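Structure, as structure tokens:
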Amino acid sequence: MEKTIRALSDQLAHFGRGHHLQELQRIIRQPGWTTRAEFAFVNTILDHISVEVRALERLQADLVEASRKVEKRCH
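Put into structure tokens, the structure is as follows:
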């Protein structure tokens, strides 16, 4: 399980660097990049990504909190 936790932690750290969104910022600054419809579409996706990131943050916090509640058992 520790290996899986480390791997997931590394994935999330890489994910959090925002390379894709930095590239998106570069792209959308180009003149004539988008129509109103395309702008709405991309904005909707960005809103959804934000919701998902907040959900992942909450899920991680809930996992840690629940793990703290697990009682140690003496055998």
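Residue numbers for the sequence shown follow the UniProt record's numbering, so the first one is 1 and each next one is one higher. Quick reminder that beta carbons are idealized off the backbone N, C-alpha and C, glycines included. All values derive from a computational prediction rather than experimental measurement.
If we ignore side chains and look at the alpha-carbon of each, how far apart do residue i and residue j end up?
i	j	result
residue 80	H20	The question about residue 80 has no answer, for the chain in this structure spans 1 to 75.
A61	L8	14 Å
V42	W33	12 Å
Q11	R68	23 Å
M1	T44	36 Å
P31	A37	16 Å
D47	K3	32 Å
H14	L24	17 Å
T35	K72	59 Å
R58	S50	12 Å
Go to residue i, then tell me how far its alpha helix (DSSP H) extends in each direction, as first and last residue.
i	result
Q60	36 to 68
E23	19 to 28
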